[in-house]
Every structure is written in C-alpha cells, then in structure tokens.
Amino acid sequence: MSNVIILDRVTKKYGSGHGATLALDEVDLAIPAGQFIAVMGPSGCGKTTLLNLIAGLDDPTSGHVVVAGEDLGKLSERARFEIRLRHIGIVFQSFNLLPRVSVARNVMWRLELVGLRGRKARDRTAALLEEAGVPEAAWDRFPGELSGGEQQRVGVARALATDPRILLADEPTGNLDSLGAKRLLDQLRRLNQQRRMVVVLVTHDPHAGIVGSRSIELRDGRVIRDVASPPREVGVVVPFERPHDANG
Amino acid sequence: MSWPAIALRWGWEQVRPHLDQISLAIVVIAFGVALAGGVLLANGTLQSAFQDSVDALAGRAEIQIGARGGGAFEEAVLERVRAAPGVAFAAPLLQGTAFLRDAKKTPLRILAVDMLDDASVRLYRATPTGTAGIDDPILFLSQPGSVIVPRAFLVRHRLRSGDSFEAQTAAGFVRLTIRGVLETDGVGLAFAGNLALMDLYAAQDVLGFPQSVTQIDIVAREGADVAATAQAVRDVLPDHLEVEEVAARRERLASSLAGFQLLFAMIAASSLLLGSLIIANRLNTTYEERRWEMGLVRSLGMSPGELIGRLMTEALIVTAIGVALGLPIAIAFAQLVVGPLATAMTLNFRQEVAAPWVEPQIGPLALAALAGLSSGLVAAWLPAWRSTRSRAADVLAKARSRKPEPESAARTRLRLVLPALAAATIALLVGIEAPGGILGGLALAAVGAAGATLVQPCLRLVSGPLANLIGGATGVALDDQSIVPGRALGAATVLMFGCAIVVFVNNTGRSFEHFVVDTTTGVRRSDLVVDSSANADAMGEGEPRLSEGVIAEVGRIRGVDVVAADVAASASDPATGILAVEPVWLRRPEFGDWRLEEGALPDALARVAEGEAFLANFPPDRPVRVGETVRLMTPSGPLERPVAAIHRASCLNPNGDVVMSRQLYKKHWRDPTINRMYVLVDEGVPAGQVAREIRERLADRWGLRVMPGEALAEWFASSVRRGFAIADAMGLLALLVVLLGTADALAASVVERTRDIATMRALGCSPALLRRTVLAQAAAVGFVGSLLGLMVGMGWSVAFMRGIVPLLLGWNARLQVSATVLATAAVLGILASLAGALYPAVRAGRIRVVEALRYE
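Just so you know, the sequences run in chain order P and W.
Quick note, in the numbering used here, the first sequence goes up one by one and the last residue is 248.
Quick note, in the numbering used here, the second sequence goes up one by one and the last residue is 856.
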C-alpha cells in the first residue's frame, strides 16, 4: 500500500539558542492511503506542529515531509498552495468559518478556487452541505447563527469541497458537546471508509482516539507509541474540554 | 505620584509595546493635523499680513480722506482740511504701483509723502529710533528717483543703501535710487516689505498723477473728539471725497476680508473635517481591535469609569505624539499653500497681496491640535464606552465574534438618507435662488449628508453582486465588505468627499473662467493686444497701467489702422464697476459685439462715445431701464448720465458695471492711464509684422507686452485659473487624504480579518490571490467613493453656482462641467484607492498562517 504521507526524521525547533523549544524530535511516520490515524498526547507534545508540517503551513528544521508523493521542502510556495487546495482538507477546533459571509459561501469559495462556477458550484455546495448534515435552512445564514456542532459540520463540508485525499482535523471536537463530538467522529470515520481518505485526527480526548485504525502518542516531540487497532464506535461521553493547546 | 502622572505612566506602558502597530495611527493623526493646521495657518498668516499692511499704512492717523470709489483727487483740498476745526495735522499721500525689472515682475508699492512737510514727517517718518534714516535729505529731494525702502527689501533683493534699481511704471521704466532705509516696523511692515517711500512731488511725475493725491491722513488735536473732527472735515470737503475714521475703516476692511476669508475658512473646515475623520477612523480601529482586552480588564475588576479614563489617557498619548509630529508639518504645508492663497486673494481684492513667510501662530495651530486631540479622544471613547455598556463576560464573548450588523440597523440608516435627499432635491429644484442664500447653503449641506448616508448602501449594492460575479476568495472578501462595510465605509466616505471637493472646485473654477472669458472677450476683438509687460494677472482695476501717451505712439506704427484703449475703475455710492473705452471702439463694429439688450437707443453706442450716455449692466436687485439716469460718485464729484442701452459685455463689479467714454472717465477720475490697447491693423498687413515693429520701437521704453488678439481669451482664462490655483493644492490634498484613508481603512480591515485570511491561506488560497482580494475591495471602495464623489461634487456645484454665486457676486454664471475633469477625478480616486491598498495587500499576503491560527 503506498504511503500518502511520509515524515522522514522530521525535527522542528522554535526559537534558537538556550530559549529554543523542540516541538518535534526526529519523527518518522508513514501513513498509507485510507488510514484513519489518531494523534494523541498532552499539551505541548507537538501534535499541532505535526499537522502544520503535513499541511505545508510550516517548514521542518530538518528532515523531509512528503505529501501525495511530493517533498514539500522542494516545492515552491505556489505548488504547496496547490497541494493544500487539491489534496488536503483541514478542520479546525474553533471552526474558523468566515464569520461575515453565508454558510453556503463558506463552502463555495473553495470550489470556485478550483474552477467550479455558477450553478455547478451551487449544486456541489448543496450536495456537500447535505452530506455533512447541515440543514438547508441554515445555508443562507451566517455561521455565528448556528450551533457549534452545525458550524463544525460546515467546516467539514468546506474541507471536503475539493475532494481531498487527506483530511487533517485539529481537535475538531474541542468546542463540541459530547453528542456533537460523537456525530462528528462518526462522520469522519464514515468519510474515511467511504472515500478511502486519509484522516489525521489530533486530539486530547481518549474517547476520540479510539475511532481511528491507528493511534500514535506523542510526548516531548517524540512518538512514544504507535499502535494499529480496529476502529470502535464512540459512545456519548461526558463533555471533555480542555483549553486550546498552543503548540500541539 | 499624582493621579495624572499615574494615568500617564499607565497609558505610556500600554502604548509602548504597540508603538509599531499604532505608528500608522500616529502618521495619520500627524497628517490630519498638518492638513487642518496648514490651511488654517496660511489663512491666518495672510489675514495678519493684510491687516498689518492696513494698520502700518494708517500709522498714527485717526481720520483718512479718500476719493469715493478710489483713485486720485485734487491735492488742493489739503489746505481746507488743515483749516478744519479739530485737525492737529494732515498729511497728503499718493499711492501707486510699480514693478521691478526682475523675472517675477515683483510689484513695488510706491508711497509718496511730502518730505518737507512737518505733518508728513510726524505721521510717516517717525520710528522708535527717531526718524527713518535718510542719509542726505538735500540729495534725496534734489534727485527725483530717490526712495526709502524697508530693510527687508534690501535683504531680499541684495541691495545696499546708495544702489539703484529699475522699476516699471505707467510711463515706462524709471531708475530709483535707495537713499534711506526703513527699519522693519511701522510702514516698513506693509506689503511684506515690497514698498518704496518717495517724495510726493517726484512720485506725482513718476506715477503720472500731477497735483493729485490718493489719501490725506489726519491726526486730531489733543482732546478733540475724533468723530466731531471727522464731521468738521466732511463739512469742508466736496461729496466725492470720503472722510472715514481709521477705526471704522479697519472694521470695514476686516469685514470685507472676512467675507473673502469665508472661502478659505470653508477649505480649512473641510480639511479639519477630513483630518478628524481619518484620525477618528484610525483610532477607532485600534481600540475596536482591543475590545477583548477591555472585557478582560473589566472582568478582573476594573470599573467602567476607570477603564474609560485609562483608555482616554492612552488615546491622549497616541494623539499627542501625532499632534506633536503634525504641527511642524503643518507649518511647512502652510508655506506650500500660502502662495496660491495669496494669488487668490490678490485677484479677489484686485490688489497685490504678497505671500509672506509663514510664521507659527498659536491660534490656528492650537485649533488644529485641539481638533486632532478631540477627534482622537472621541474615537477612543466610543469603543470604550460600548465595552462598558454590557456585562464584562459578554464583551469577552463578543469581542472576537464579528457578527454582521443586523439588517434592520442598515435599513434604518438607509431610511435616514431619504429626508436628506428630499431636502437636497427640493432645495435644488424648487427655490434655490431664494434670498439670503439659505436654500443654497441648505442644499450644500443636504447633498453632503445624502452622499455620506448613501455610502454604505452603495457599498453593499456594488460589492454583493460583484462578489457573486467574481466568486472565489475575492468574492468572499467583497461579500464580507458588502455585509459589514466597516472600515471600507470610512475609506469610501473620505474618498467621496475628496472627489467631491475636486469636482466642486474644478467646476466652479471652470464656470467662472468661462463666464469671465465669454463676457469680456466678446467685445475685445482685435488683431493685437498691447499692455504692460508687468501685467501678470487680469485684475481689471488693479492691473499695471500705461500712460495714455503710448496710444499715439502705437498709432504711428506702420500698418496700424486704429488703436483703442480701455481702463477699468470703480465708482462708489453704490459701488459700480467702470469700463472706460476709447470712443473709436464704440464706433467700430470690428471690436466686437456689446451684446445690447432689446430696447437700446438706436444711436446708443455713438452717444456713449460722445460722453453723453452710459451703457449699463446691472444685477436684478439694481434694476435700471434705458433712458433712466445713473448717478456715479467719482473722485471729482457726482457724474450723471442717462442709460443708452443695457449691455452684457463686462463683469467688473457684482453690483453692476457702467461703460463710458474714456475721455469722460479721464476728466472725472483725473486718471490719464490705461489698462490695455486693442489694435486693428491695415487690411493686407500681417499682424505679426506690426507686432514686431511695436516690440522693436516701443516695448523696451514703455515696458510693453504685445500679443495676438486671439491670445487674450487664454490670458484672461489663465488669470482666472491662477485665482483658483488653490484648487490644484486642494486636489492634491484630497488625493493624499484618499490615499491615506484607503490605506488606513484597508490595513485595519486586513488586521481585523487576520484569522479569516490565515484560514483561507491554510485552505489553499495563495498570497497572490489574497493580495488581489484586498485590491478588489479597494476597487469597490474606489468605485463607490468616486461615483458618489462625482454626484456630491456636481450637487455642490449646482447649489453654489445657482444658489450662492448670484447672491454673493450678482452673476448668473452658467455651470460649466468638464467630462475630462469628472473622468480624471474618478480615475484618480480609484487609482488613489488602489495605491492605498498596496501596503495592506502586501500585508495580507504576508500573514504567517501558523502564528495567526495559533493566536486564535
């Protein structure tokens, strides 16, 4: 099975000298197509840094990050944007929807970026929102008028707009209640199974961590555990919220 | 430590870490203050320079005598004045203008007094050190070209006592020799130092006014009542001489100056408004960004009052830094605009007003500083006050959620536009010519208010459909702007007023230019025009004159068929413009059409040529009919003639003009000078050949300028344009303001949308695309601001030309609009908006995604 994501001895340091922080320390990771991987670990262990490097939002201090067969370090800025646009979808903890445009526009603009216009873009937006479970009545409303769960579903629809091979989810359940979190994780698992999409889920939540087919644990920038496990159904759990993690 | 010191320290501690972020705010404040302060200072400097000249010339005099309507009068009345009860001493004065033979043709005001007369000495030559230093009184009086000049004049022209220089007068060039120096006080202050004191009798020859004076200054006896003395003098003088107390004269001049200064005050006020708008917009942005922080400190126990107080202190520091930087720039800016302002004043008063060196004045600078500080405080107060109105927890929760404004609020605002639009339309269409200019003024205000209120709906109207059309990230940005115009609103409003000012000033300038040229050149057709080479601006009465002797000399040039001359002057009671022309001009139709109205006497022009009648061109509030007698007060007494025809070929005085024979004028005004000659050449003779001959034989001796007849219209037009030179400065200013305003608003918008931009980049939007989104926003702002600016500018132009000009000047000048100017204003507005967007666009492209998202 070919690897869609490869991290080869990736190190990431913030700052320099005595004040430098080591976020990732020689991490090796290979993620094949269709894998649902949960990245877990305490605050500051390097989870978000790992996600940023895979998304090409940040550069490693050393090592290589290969995504969809391309070494990100060797690509121009423009090529990286292309990869992000066409191959990667990102779901954020705080949704990061554009607050002053409609729900539909939040999804449609990415379709327009890849050249889908007019009726085709509208129809595809409707299909994505429907698939994500966003009620039609909400499509013309502003994100701020929706519940947290609904907003996150819009975020997923937006991430899927360009039919990416990789979905990166950074603490996507962090701002959801337990029911909302369960529905979202189910949705991610369904996407992974139906579309053979790589899902990289960064989470603090041990309940969320069990939905993946593989689970790795980071501590102090190193992978301390990497286990394959059969994905399990997530039950409704007591809300588990922690403050947002600055570095991972 | 005292409370203010603690507050200041706290404020500074808050400001210091953000200095880089608020540097744009400081620059904007500095520019706003410089803009307002510069115009106010230039205005104030010119006002004081003009007032200084008036005061310096009045000297110790308490009463002044002059000819009604200006001009020279008979010197012989002096003895009667001196004999009048209450008069301690009376001194004659003759004023005239000469021009230096330099590249600029610098005007030199000649003040001629009787150097041997004790009264004159006591009035004019007294200085704190005793007397104005004449090196050798006998030599001074024996040499006709002797002058005393202010020390500033010597310094400016690098001359020394004993040096000679050439000056151009009506009689040609004369050589003047400096035989004394006036220290820079008293009379030496007048006319920015460009003056020469001469002996009266020598000056009468040089200026061509034998046995005439233009003024008699009187000091009352000690203990004598000044008003009673003035009345006693009035009793011994003929009616055509006006006796006025100096205090009353100062007041009259101040009031006429105030009327003129109203225009500049309006410019200063609009500069102040624009400056305040920019400052308020910038600081408001800065503090809106910090609403979360305000919520935080409140939740930690700070009372709303304390929070407002501390933010005010902080705003005070930021604004004070901006103001401190802005004030020196204001002084430099004032120096830049004082020249165009002086030109406008010169043309308005038909008297040379020198552009003085601008010195800092407390009043204008304090006003600009105060406006800057108060704008800053108000701008900071609004978000602070808003954040204290609700619960701290709500402020924290809402500070980062930029929910769109409820539709109902936008609708309410839109509803506000309707009354303003209705008022503007009613005022413009129904009764703008109402007396008192109330409706004209109302229309000006209503059009501005309507424009300002329309900005937001128009931005929505344009940005929404454009967003759908363009789509993608650019569509998102435009959609965002259409839903929450926020910062774009400020930029578009600034742009709208900037464009409106440019259009308004250009339209009015063009309309005046067209009116003046059309009116004055219709009757001035000739092959050649000859006037003084010192003639810089067409001012009518105030233009450099030529002695009438030159007419005959030009007439003797081979190929000249006929020479006609004119002279512009004025009469008083009521003030009336006088255009005196050579009889031959009225008899020869080749000189043009007098535009006589129906009902003119069949031999109207011939009767005027004979000196038996006038042509009249009076405004509607001074109706006159053919056959009625018009009475003018001249320097020689009343002059009455019947009106032979109503004409529309002059615009010398808003109160009305009279055309008469130059011979009649010369006799009653005691003035043998002329403004200009119009030459018709013999048939078949090339005009260029005659022009060459006039130049070769006469130009140097008389100081003549010869131009083709068709060049006259352009010269008149260029003079009007120079009068409106301030328009160029205003246009430049407006564009600068627009540039800064757009840059500021869009930069604020980028900061405000940092998270959105970072998200878009994370989801595949390239920096280049993000740059384009900001430029698209700017283009929408530019389009809306420019379009509304054109509309507001046009509305202002109509209101001003139809509602105010007829009342102020009595002229019904048709509004002239140039499509080129409108197009240029719109294009420049949009370009300025785009240029202003460059920095924010670059900034948007450079946002570091990881940091921006981590910050969130």
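Every residue gets a Cβ at the ideal spot worked out from N, C-alpha and C, and that includes glycine.
Please read these numbers as outputs of a predicted model, since none were measured by experiment.
Using 10 angstroms around the beta-carbon of residue i, count the other beta-carbons present and answer buried if the total reaches 16, otherwise exposed.
{"i": "residue 17 of chain P", "result": "exposed"}
{"i": "residue 356 of chain W", "result": "buried"}
{"i": "residue 627 of chain W", "result": "exposed"}
{"i": "residue 168 of chain W", "result": "buried"}
{"i": "residue 128 of chain W", "result": "With a pLDDT of 39 at residue 128 of chain W, under the threshold of 50, the modelled position of this residue cannot be trusted; read the value that follows with caution. With fewer than 16 Cβ atoms within 10 Å of its Cβ, residue 128 of chain W is classed as exposed."}
{"i": "residue 125 of chain W", "result": "Its pLDDT being 49, under 50, residue 125 of chain W is placed unreliably in this model, and the value from its coordinates should be taken loosely. Buried, since its Cβ has 16 or more Cβ neighbours within 10 Å."}
{"i": "residue 340 of chain W", "result": "buried"}
{"i": "residue 20 of chain P", "result": "exposed"}
{"i": "residue 623 of chain W", "result": "exposed"}
{"i": "residue 855 of chain W", "result": "Residue confidence is low: residue 855 of chain W scores 48 on pLDDT, short of 50, so the model does not pin down where it sits. Its coordinate-derived value is still stated next. Exposed, because fewer than 16 other Cβ atoms sit within 10 Å of the Cβ of residue 855 of chain W."}
{"i": "residue 796 of chain W", "result": "buried"}
{"i": "residue 59 of chain P", "result": "exposed"}
Whose C-beta lies closer than 7 Å to the C-beta of residue i among residues of the same chain, with five residues either side of it excluded?
{"i": "residue 183 of chain P", "result": "149"}
{"i": "residue 145 of chain W", "result": "174, 175, 176, 177"}
{"i": "residue 685 of chain W", "result": "559"}
{"i": "residue 822 of chain W", "result": "503, 790"}
{"i": "residue 161 of chain P", "result": "107, 110, 111, 128"}
{"i": "residue 834 of chain W", "result": "775, 778, 779, 782"}
{"i": "residue 788 of chain W", "result": "451, 454, 455, 458, 496"}
{"i": "residue 33 of chain W", "result": "275, 322, 323, 326, 327, 330, 368, 369, 372"}
{"i": "residue 98 of chain P", "result": "106"}
Round the Cβ separation of residue i and residue j to the nearest angstrom and send it over; I've been treating them as touching at under 8 Å.
{"i": "residue 175 of chain W", "j": "residue 164 of chain W", "result": "5 Å"}
{"i": "residue 376 of chain W", "j": "residue 29 of chain W", "result": "6 Å"}
{"i": "residue 659 of chain W", "j": "residue 561 of chain W", "result": "Incorrect: roughly 22 Å between the Cβ atoms, too far for contact."}
{"i": "residue 225 of chain P", "j": "residue 216 of chain P", "result": "6 Å"}
{"i": "residue 747 of chain W", "j": "residue 839 of chain W", "result": "7 Å"}
{"i": "residue 494 of chain W", "j": "residue 741 of chain W", "result": "3 Å"}
{"i": "residue 194 of chain W", "j": "residue 108 of chain W", "result": "6 Å"}
{"i": "residue 577 of chain W", "j": "residue 652 of chain W", "result": "3 Å"}
Between which two residues does the beta strand (DSSP E) carrying residue i extend?
{"i": "residue 224 of chain P", "result": "222-228"}
{"i": "residue 176 of chain W", "result": "172-182"}
{"i": "residue 64 of chain P", "result": "62-67"}
{"i": "residue 143 of chain W", "result": "Counting along the chain, residue 143 of chain W falls outside any beta strand (DSSP E), and DSSP gives it neither H nor E."}
{"i": "residue 194 of chain W", "result": "Segment: none, residue 194 of chain W is in no beta strand (DSSP E) and carries neither H nor E."}
Could you give the residue range of the alpha helix (DSSP H) that holds residue i?
{"i": "residue 760 of chain W", "result": "754-762"}
{"i": "residue 85 of chain P", "result": "77-87"}
{"i": "residue 178 of chain P", "result": "178-195"}
{"i": "residue 654 of chain W", "result": "Residue 654 of chain W -> no alpha helix (DSSP H), and no H or E assigned at all."}
{"i": "residue 840 of chain W", "result": "819-846"}
{"i": "residue 219 of chain P", "result": "From DSSP, residue 219 of chain P is part of no alpha helix (DSSP H) but of the beta strand (DSSP E) over 214-219."}
{"i": "residue 694 of chain W", "result": "687-694"}
May I ask whether a heavy atom of the ligand COA can be found less than 7 Å away from the beta carbon of residue i?
{"i": "residue 236 of chain W", "result": "Inclusion of the ligand COA in the displayed structure is not the case, the ligand content being empty and no account of it being possible."}
Ordered along the chain, which non-local residues of its own chain (more than five positions away) have a Cβ less than 6 Å from that of residue i?
{"i": "residue 565 of chain W", "result": "551, 582, 674, 677"}
{"i": "residue 130 of chain W", "result": "The predicted position of residue 130 of chain W is uncertain, since its pLDDT is 40 and thus under 50; a value taken from the coordinates is nonetheless stated next. Closer than 6 Å at Cβ, skipping near neighbours: no residue."}
{"i": "residue 149 of chain W", "result": "178, 196"}
{"i": "residue 214 of chain W", "result": "72, 94, 95"}
{"i": "residue 702 of chain W", "result": "172, 550"}
{"i": "residue 599 of chain W", "result": "626"}
{"i": "residue 850 of chain W", "result": "none"}
Closer than 8 Å by C-beta to residue i: which residues in its own chain qualify, once you throw out the five before and the five after it? Chain order, please.
{"i": "residue 587 of chain W", "result": "605, 606, 609"}
{"i": "residue 512 of chain W", "result": "720, 723, 724, 813"}
For the region 445-478 of chain W, enumerate the residues whose C-beta is nearer than 7 Å to any C-beta of chain P, in chain order. Taking 7 Å as the Cβ-Cβ cut-off against chain P, the residues of the region 445-478 of chain W that qualify are 471, 472, 473, 475, 476.
Listed from N- to C-terminal order along the chain, which residues in the region 44-55 of chain P have their beta-carbon within a distance smaller than 8 Å of any beta-carbon of chain W? Cβ contacts with chain W: 48, 52, 55.
Pull out every residue of the region 758-785 of chain W whose Cβ sits closer than 9 Å to any Cβ of chain P, in chain order. Hits within the stretch, in order: 758, 759, 760, 761, 762, 763, 764, 765, 766, 767, 768, 769.
Select from the region 103-118 of chain P all residues with a C-beta closer than 7 Å to any C-beta belonging to chain W, and list them in chain order. So the close ones are 105, 109, 110, 112, 113, 117.
Under 7 Å (Cβ pairs) to chain P, residues found in the region 836-849 of chain W: The residues in question are 849.
Mind listing which residues of the region 204-232 of chain P have their C-beta closer than 8 Å to chain W's C-betas, in chain order? Of all residues in the region 204-232 of chain P, none has a Cβ within less than 8 Å of some Cβ in chain W.
Scan the region 164-198 of chain P for residues whose Cβ lies nearer than 8 Å to a Cβ of chain W and list them as they occur along the chain. For the region 164-198 of chain P, which is checked against every Cβ of chain W, not one residue is closer than 8 Å.
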